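K.L.:
There are 4 protein chains.
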Amino acid sequence: MTLKVSIIVGNPKPKSRTLKVAETLVEKLLEPGSYETTVIDLADHTDEIFAWPSEKMAALNAGVASSDLAVFASPTYKATYTGLLKAFLDRYPANGLAGVTAIPVLTGADLTHSMGPTVNLAPLLVELGAIVPGRGFYFVAGQMDHLDQIVQGAADEYASNLRRLAGIASSLQPIDHPRT
Amino acid sequence: MTLKVSIIVGNPKPKSRTLKVAETLVEKLLEPGSYETTVIDLADHTDEIFAWPSEKMAALNAGVASSDLAVFASPTYKATYTGLLKAFLDRYPANGLAGVTAIPVLTGADLTHSMGPTVNLAPLLVELGAIVPGRGFYFVAGQMDHLDQIVQGAADEYASNLRRLAGIASSLQPIDHPRT
Amino acid sequence: MTLKVSIIVGNPKPKSRTLKVAETLVEKLLEPGSYETTVIDLADHTDEIFAWPSEKMAALNAGVASSDLAVFASPTYKATYTGLLKAFLDRYPANGLAGVTAIPVLTGADLTHSMGPTVNLAPLLVELGAIVPGRGFYFVAGQMDHLDQIVQGAADEYASNLRRLAGIASSLQPIDHPRT
Amino acid sequence: MTLKVSIIVGNPKPKSRTLKVAETLVEKLLEPGSYETTVIDLADHTDEIFAWPSEKMAALNAGVASSDLAVFASPTYKATYTGLLKAFLDRYPANGLAGVTAIPVLTGADLTHSMGPTVNLAPLLVELGAIVPGRGFYFVAGQMDHLDQIVQGAADEYASNLRRLAGIASSLQPIDHPRT
Numbered sequence: 001m002t003l004k005v006s007i008i009v010g011n012p013k014p015k016s017r018t019l020k021v022a023e024t025l026v027e028k029l030l031e032p033g034s035y036e037t038t039v040i041d042l043a044d045h046t047d048e049i050f051a052w053p054s055e056k057m058a059a060l061n062a063g064v065a066s067s068d069l070a071v072f073a074s075p076t077y078k079a080t081y082t083g084l085l086k087a088f089l090d091r092y093p094a095n096g097l098a099g100v101t102a103i104p105v106l107t108g109a110d111l112t113h114s115m116g117p118t119v120n121l122a123p124l125l126v127e128l129g130a131i132v133p134g135r136g137f138y139f140v141a142g143q144m145d146h147l148d149q150i151v152q153g154a155a156d157e158y159a160s161n162l163r164r165l166a167g168i169a170s171s172l173q174p175i176d177h178p179r180t
Numbered sequence: 001m002t003l004k005v006s007i008i009v010g011n012p013k014p015k016s017r018t019l020k021v022a023e024t025l026v027e028k029l030l031e032p033g034s035y036e037t038t039v040i041d042l043a044d045h046t047d048e049i050f051a052w053p054s055e056k057m058a059a060l061n062a063g064v065a066s067s068d069l070a071v072f073a074s075p076t077y078k079a080t081y082t083g084l085l086k087a088f089l090d091r092y093p094a095n096g097l098a099g100v101t102a103i104p105v106l107t108g109a110d111l112t113h114s115m116g117p118t119v120n121l122a123p124l125l126v127e128l129g130a131i132v133p134g135r136g137f138y139f140v141a142g143q144m145d146h147l148d149q150i151v152q153g154a155a156d157e158y159a160s161n162l163r164r165l166a167g168i169a170s171s172l173q174p175i176d177h178p179r180t
Numbered sequence: 001m002t003l004k005v006s007i008i009v010g011n012p013k014p015k016s017r018t019l020k021v022a023e024t025l026v027e028k029l030l031e032p033g034s035y036e037t038t039v040i041d042l043a044d045h046t047d048e049i050f051a052w053p054s055e056k057m058a059a060l061n062a063g064v065a066s067s068d069l070a071v072f073a074s075p076t077y078k079a080t081y082t083g084l085l086k087a088f089l090d091r092y093p094a095n096g097l098a099g100v101t102a103i104p105v106l107t108g109a110d111l112t113h114s115m116g117p118t119v120n121l122a123p124l125l126v127e128l129g130a131i132v133p134g135r136g137f138y139f140v141a142g143q144m145d146h147l148d149q150i151v152q153g154a155a156d157e158y159a160s161n162l163r164r165l166a167g168i169a170s171s172l173q174p175i176d177h178p179r180t
Numbered sequence: 001m002t003l004k005v006s007i008i009v010g011n012p013k014p015k016s017r018t019l020k021v022a023e024t025l026v027e028k029l030l031e032p033g034s035y036e037t038t039v040i041d042l043a044d045h046t047d048e049i050f051a052w053p054s055e056k057m058a059a060l061n062a063g064v065a066s067s068d069l070a071v072f073a074s075p076t077y078k079a080t081y082t083g084l085l086k087a088f089l090d091r092y093p094a095n096g097l098a099g100v101t102a103i104p105v106l107t108g109a110d111l112t113h114s115m116g117p118t119v120n121l122a123p124l125l126v127e128l129g130a131i132v133p134g135r136g137f138y139f140v141a142g143q144m145d146h147l148d149q150i151v152q153g154a155a156d157e158y159a160s161n162l163r164r165l166a167g168i169a170s171s172l173q174p175i176d177h178p179r180t
């Protein structure tokens, strides 16, 4: 089975370093050939992000919602995700990302807003029904020279977490067990 | 393999309804016979919770850290977890719950503090390295008559999430793949 | 001195109930004739909110930053403020609302997201340097029939808080006291 | 009128640097002779913090609740306030700090948890009805050599904020205006 992966970038400027960080994280995490990635650079969609209805936006939203894994990446604006990323997520109904495994990524200028991915972006994704398998990932933009090494560390932690979670899955109540 | 499960209850009063909610959640989630549960009712340990060092507390902390699954349950005090639960978690070093799958549970008087498990308790557990497989669970204490049904709904969602996560685990980079 | 008041509404739909709630709050809080209010309905500016630079948006941002009091009001989307409101705030530089007294208002369908104004919108405004004189105000949209009474209660609390704060201001170190 | 000031320190170790930071902040903020300070070092009260009822604890709680200004200071444990500080605050009923101006202070090892005072401690105090006149104050413990200078900057910002707030208080609806 080919895993369906989405990368959603909330930077109002296209082709940002934030996109590069997210792409690297996916490469470090998943086995080559086991997945297909779709990238949504929201900078390309600012003209329609508040249009309602919008077939184009609806297709983008649906694609992410049907992903196995989605990386939501944004520069840190005011200690949290951008309005652009939030505007994309606002288009979902309640629980619109149910069952999607999601990794929250914020890039920032220094360590000051390190807590942002875990206290702001992760709860937002979880509110939509997404599953965040560990802490959010905060990347200091000035560390691009060490991108591979830093992202490898994060990927190793997510991989370890996912293996631990899979171990628990094997002890779950069977799907068809009688409910009380 | 027998799954190791811990339930940690942060209610200063012992044998609370909060404990009952947590126990029910574990029963609904896991297959009978597949796990062993240890309950830590922190109300029994208020006299040593701030003692340092304490062999007894250290043993409790170590037991939880070596669990596969831990349910952290607390009544809602001031919109969040109790100081008693936090005092127990404060005894861990950084990353002290690494790899433990954790479910945050808060009980409250009404819906006003529904966001507490997701925005307050979940990020705290994640900060310690725990993995929270979905939203936090908030239970309105007045609904004890419908405990089974409500907890079943939450358990079904966690079970579904864990199966989805297990699916991703099968596409991870092999543990021994060459690192860049 | 005439107080300068701004109301900023983050609803993608214009002339919303959220705007009505914010206007009512200002009326209940301030003495008639003592202030002038500017309303920014961000629904009217979705076409330029991501344009950079934009003279029109810059003028709106500057007007709010020079206000004495600003009410930031938004419907609750995904347990927090809208992407539209965030996109407006993202246009500010760091500390761009320094010294502005700000009241965070969220309207929502039920009590589930009551914590949103205090845990999400207030910290965002404070990050920008604004001063929030009390808890955020959450209004359940179904209560429009009791709008006056409910908003009066909130206004009374803010008024009481502001009087308490003024009492402390009289004991501050003089502005020109020697610094260490 | 003499201002009543309380300093509450949530460090399980007594006479901490965190206490020193809080004391310095009060000195920089208020005019000498205009206030009286009571210090509560919670390290001295761990044996009774979970006792219920407790006359001693009740007296401490009441003293803080009747303060004009209270500084709540804690080392950063797990990205937020300590369980000890929370246990003290848990003893209040809902709205137990109504009308108290409160400054949240966290000390930490580095900038990683800078957001803690604003996203964790401030909302907790606000939930209790306290009024936080600006952002929370985060102090990096390694900067004790520059304590005076750094705290002076924070004090200047709070002082400026309080003067701005006092300006708004003069335009409030009169206390006895007719309610709708």
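Each protein sequence line maps, in turn, to chains A, B, C and D. Letter 17 of the first sequence, counting from 1, is numbered 17 in UniProt numbering, and no numbers are missing. Letter 38 of the second sequence, counting from 1, is numbered 38 in UniProt numbering, and no numbers are missing. Letter 167 of the third sequence, counting from 1, is numbered 167 in UniProt numbering, and no numbers are missing. Letter 59 of the fourth sequence, counting from 1, is numbered 59 in UniProt numbering, and no numbers are missing. Even glycine gets a Cβ: it sits at the ideal position worked out from N, Cα and C. Note that the structure is a prediction, hence the values are computed from the model and not measured.
Just to confirm the assignment, what range does the beta strand (DSSP E) spanning ALA73 (chain D) have?
P.N.:
Position 73 of the fourth sequence, counted from the start, is the residue given in the question as residue 73 (chain D). Its beta strand (DSSP E) spans residues 69-75.
K.L.:
Identify every residue that forms a DSSP beta bridge with GLU36 (chain B).
P.N.:
The residue labelled residue 36 (chain B) in the question sits at position 36 within the second sequence. Partner(s): B:LYS4.
K.L.:
For ASP176 (chain A) and ASP156 (chain B), what's the separation of their Cα atoms in angstroms?
P.N.:
Residue mapping note: residue 176 (chain A) aligns to position 176 of the first sequence, counting from 1. Residue mapping note: residue 156 (chain B) aligns to position 156 of the second sequence, counting from 1. Those two C-alpha atoms are separated by around 11 Å.
K.L.:
State the beta-bridge partners of VAL140 (chain B) as determined by DSSP.
P.N.:
For the purposes of this step, residue 140 (chain B) is taken as residue 140 along the second sequence, with counting starting at 1. Per DSSP, B:GLY108.
K.L.:
Since GLN173 (chain D) and LEU30 (chain C) should fall inside the 8 Å C-beta cutoff, what is the C-beta to C-beta distance between them, to a whole number of angstroms?
P.N.:
Numbered from 1 along the fourth sequence, position 173 holds the residue referred to as residue 173 (chain D). Numbered from 1 along the third sequence, position 30 holds the residue referred to as residue 30 (chain C). Confirmed, Cβ separation roughly 6 Å.
K.L.:
So is PRO178 (chain D) in contact with chain B if we call contact Cβ pairs under 8 Å?
P.N.:
Counted from its first residue, the fourth sequence places residue 178 (chain D) at position 178. No, PRO178 (chain D) lies away from the interface with chain B (no Cβ there is under 8 Å from its Cβ).
K.L.:
Taking all protein chains shown into account, decide if LYS28 (chain C) is buried (16 or more other Cβ within 10 angstroms of its Cβ) or exposed.
P.N.:
Numbered from its first residue, the third sequence carries residue 28 (chain C) at position 28. Buried: at least 16 other Cβ atoms inside 10 Å.
K.L.:
When Cβ atoms are compared, which residues of the segment 17-30 of chain A fall closer than 8 Å to chain B?
P.N.:
Under the 8 Å Cβ criterion, the segment 17-30 of chain A contributes LYS28, LEU29 and LEU30.
K.L.:
Closer than 7 Å by beta-carbon distance: list the chain D residues that pair up with TYR35 (chain C), in chain order.
P.N.:
Within the third sequence, numbered from 1, the residue matching residue 35 (chain C) stands at position 35. Ordered by position in chain D, the residues that pass the 7 Å Cβ test against TYR35 (chain C) are SER171.
K.L.:
For a contact defined as C-beta to C-beta under 7 Å, what are the partners of GLU127 (chain B) on chain D?
P.N.:
Working through the second sequence from its first residue, we reach residue 127 (chain B) at position 127. Within chain D, the residues near GLU127 (chain B) are LYS78 and ALA79.
K.L.:
For ILE103 (chain B), tell me which candidate among A:ALA102, A:LEU111, A:THR37 and A:LEU165 has the shortest Cα-Cα distance.
P.N.:
Here residue 103 (chain B) refers to the residue found at position 103 when the second sequence is read from its first residue. The candidate whose alpha carbon is nearest that of ILE103 (chain B) is A:LEU165.
K.L.:
At 8 Å on the CB atoms, spell out the chain C contacts of SER114 (chain B), in chain order.
P.N.:
Locating residue 114 (chain B) in the second sequence gives position 114, counting from the first residue. Here the neighbours are LEU111, THR112, HIS113, SER114 and MET115.
K.L.:
When the distance is taken between beta carbons, is ALA70 (chain D) closer than 8 Å to ILE131 (chain D)?
P.N.:
Working through the fourth sequence from its first residue, we reach residue 131 (chain D) at position 131. Working through the fourth sequence from its first residue, we reach residue 70 (chain D) at position 70. In this structure, ALA70 (chain D) does not lie closer than 8 Å to ILE131 (chain D) by Cβ.
K.L.:
Does the segment 28-47 of chain A come within contact of the segment 12-19 of chain C, defined as at least 3 CB pairs closer than 8 Å?
P.N.:
The segment 28-47 of chain A is not in contact with the segment 12-19 of chain C.
K.L.:
At the level of alpha carbons, what is the spacing between GLY108 (chain D) and LEU121 (chain C)?
P.N.:
One-based indexing of the fourth sequence puts residue 108 (chain D) at position 108. One-based indexing of the third sequence puts residue 121 (chain C) at position 121. Using only the alpha carbons, I get a separation of about 25 Å.
K.L.:
Please decide whether LYS56 (chain D) counts as near chain B, where near means a Cβ-Cβ distance under 8 Å.
P.N.:
Position 56 of the fourth sequence, counted from the start, is the residue given in the question as residue 56 (chain D). For LYS56 (chain D), the answer is no, since every Cβ of chain B falls outside 8 Å of its Cβ.
K.L.:
Residues of chain B with CB closer than 7 Å to the CB of ASP68 (chain A), please, in chain order.
P.N.:
In the first sequence, counting from the first residue as 1, residue 68 (chain A) sits at position 68. Those within 7 Å of ASP68 (chain A) in chain B are GLY167 and ILE168.
K.L.:
Could you give the distance in angstroms between the alpha-carbon of GLU163 (chain A) and the alpha-carbon of LEU84 (chain B)?
P.N.:
Mapped onto the first sequence, residue 163 (chain A) falls at position 163. Mapped onto the second sequence, residue 84 (chain B) falls at position 84. Note that residue 163 (chain A) corresponds to Arg in the displayed sequence, not to Glu. Cα to Cα, ARG163 (chain A) sits roughly 31 Å from LEU84 (chain B).
K.L.:
Is it buried or exposed for THR2 (chain B), if we count other Cβ within 10 angstroms and need 16 for buried?
P.N.:
By 1-based counting over the second sequence, the position of residue 2 (chain B) is 2. By the neighbour-count rule (16 or more Cβ atoms within 10 Å), THR2 (chain B) is not buried but exposed.
K.L.:
Just verifying my parser: in three-state terms, what is the DSSP assignment at THR24 (chain D)?
P.N.:
Reading the fourth sequence from its first residue, position 24 is the one you call residue 24 (chain D). Three-state result, THR24 (chain D): helix.
K.L.:
Below 8 Å on C-beta distance, what does VAL140 (chain A) contact in chain D?
P.N.:
Walking along the first sequence from the start, residue 140 (chain A) turns up at place 140. Those do not exist, as VAL140 (chain A) stays about 11 Å from chain D at its closest Cβ, beyond 8 Å.
K.L.:
At least one CB of chain D closer than 8 Å to the CB of THR82 (chain B): is that the case?
P.N.:
Stepping through the second sequence from its first residue, residue 82 (chain B) is reached at position 82. At least one chain D Cβ lies under 8 Å of THR82 (chain B).
K.L.:
Quick check on DSSP: helix, strand or coil for LEU172 (chain D)?
P.N.:
For the purposes of this step, residue 172 (chain D) is taken as the residue at position 172 of the fourth sequence. Reduced to three states, the DSSP call for LEU172 (chain D) is strand.
K.L.:
Looking at the structure shown, is VAL9 (chain C) part of a helix, part of a strand, or coil, going by DSSP?
P.N.:
Working through the third sequence from its first residue, we reach residue 9 (chain C) at position 9. Three-state DSSP puts VAL9 (chain C) in a strand.
K.L.:
Among A:GLY136, A:SER170, A:LEU124 and A:ALA141, whose alpha-carbon lies nearest the alpha-carbon of ARG135 (chain B)?
P.N.:
Taking the first residue of the second sequence as 1, we reach residue 135 (chain B) at position 135. Here the closest residue by C-alpha is A:LEU124.
K.L.:
Considering Cα atoms alone, identify which of D:PRO32, D:PRO53, D:SER16 and D:ILE150 is closest to ASP41 (chain D).
P.N.:
For the purposes of this step, residue 41 (chain D) is taken as the residue at position 41 of the fourth sequence. The option with the nearest alpha carbon to ASP41 (chain D) is D:SER16.
K.L.:
Would DSSP call THR118 (chain B) helix, strand or coil?
P.N.:
Indexing the second sequence from 1 puts residue 118 (chain B) at position 118. Helix at THR118 (chain B).
K.L.:
Let me check one thing: in DSSP terms, what residues is ALA102 (chain A) bridge-paired to?
P.N.:
As a working note, residue 102 (chain A) is residue 102 in the first sequence. Looking at the DSSP assignment, ALA102 (chain A) forms a beta bridge with A:ALA70.
K.L.:
Cβ atoms of LEU25 (chain D) and GLY105 (chain D): under 8 Å apart, would you say?
P.N.:
Along the fourth sequence, one-based indexing puts residue 105 (chain D) at 105. Along the fourth sequence, one-based indexing puts residue 25 (chain D) at 25. For the record, residue 105 (chain D) in the displayed sequence is Val; it is not Gly. Closer than 8 Å, so yes.
K.L.:
Do we get a CB-CB distance below 8 Å when we pair LEU3 (chain C) with the residues of chain A?
P.N.:
Sequence index remark: in the third sequence, residue 3 (chain C) carries index 3 (1-based). Output row for LEU3 (chain C): interface = no.
K.L.:
Would you mind stating whether GLU127 (chain D) and LYS78 (chain B) have Cβ atoms separated by less than 8 Å?
P.N.:
Taking the fourth sequence and counting its residues from 1, the one referred to as residue 127 (chain D) is at position 127. Taking the second sequence and counting its residues from 1, the one referred to as residue 78 (chain B) is at position 78. Closer than 8 Å, so yes.
K.L.:
Taking Cβ positions only, does VAL119 (chain C) come closer than 8 Å to chain B?
P.N.:
Start at 1 with the first residue of the third sequence, and residue 119 (chain C) comes out as number 119. By this cut-off, VAL119 (chain C) is an interface position.
K.L.:
Check ILE150 (chain C) in the structure and name its three-state DSSP category.
P.N.:
Indexing the third sequence from 1 puts residue 150 (chain C) at position 150. Residue state, collapsed to three classes: helix.
K.L.:
Within 10 Å of its beta-carbon, does LYS56 (chain A) have 16 or more other beta-carbons around it, so buried, or fewer, so exposed?
P.N.:
Along the first sequence, one-based indexing puts residue 56 (chain A) at 56. Label assigned to LYS56 (chain A): exposed.
K.L.:
Please decide whether THR46 (chain B) counts as near chain D, where near means a Cβ-Cβ distance under 8 Å.
P.N.:
Residue numbering aside, residue 46 (chain B) sits at position 46 when the second sequence is read from its first letter. Yes, THR46 (chain B) counts as interfacial toward chain D.
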